[in-house]
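**Student:**
Residue numbers (this note's numbering): 8 to 193.
1. Around the C-beta of residue 155, are 16 or more other C-beta atoms found within 10 angstroms, so that it is buried, or is it exposed?
2. Closer than 8 Å is the cut-off here; do at least three beta carbon pairs connect the region 112-131 with the region 168-187?
3. Verify the contact flag: residue 159, CB atom, against every heavy atom of the ligand FMN, threshold strictly below 7 Å.
4. Taking 8 Å as the cut-off, does the region 157-164 touch the region 103-120 (at least 3 CB pairs, one atom from each stretch)?
5. Can you tell me which of 167, 193, 186 puts its alpha carbon nearest to the alpha carbon of residue 93?
6. Taking the alpha-carbon positions, what's the residue 134 to residue 164 distance?
7. Counting only the same chain and skipping the five closest in sequence on each side, list residues whose C-beta sits under 8 Å from that of residue 85.
8. Can you tell me whether residue 167 is helix, strand or coil according to DSSP?
9. Under a three-way DSSP split, which group does residue 89 fall into?
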């Protein structure tokens, strides 16, 4: 039974050593957390000033030209809709109208690389045709007519007469987002 107090004192010593080690580790972490932001700010400011002095003015001019060229290029978009429900036809017309006014996209029917927006609509209630429509949209990439089109995304929803404008804007917003995501295909 004499070994029990000895083990107790040994365990107590081990726990004290662990507590001291944790305290020193915590103190070192706090010192690093306080010192790193101050050290990071000072060197970051100096190289940017040196870099500005070293870069010749001619090297920084081509970047704006590339941005202007990219901004001037509109993404070609084709809209396929052949359904006859009244609200769906208004949605398709509104999407085409907004597309024609867009500064980011251009309507096209030519044989070129383009995003094809396939819009399918049906009356939600066949007995009440002017109430609302169910729509389904698929975005496809077409490199040329007669070739396989690549699926990009799809969406489905319900549109009524009062939400045609909002839905058309949302569809074109999604089209622009997909054009930005898959811009490397053009």
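The C-beta atom is built at its ideal place from N, Cα and C for all residues, glycine as well.
**Tutor:** Checking against the coordinates, here is how it stands:
1. exposed
2. yes
3. Looking for the ligand FMN in the displayed structure turns up nothing, as the structure carries no ligands at all.
4. no
5. 167
6. 19 Å
7. 114, 115, 116, 121, 122, 123, 124, 149
8. strand
9. coil
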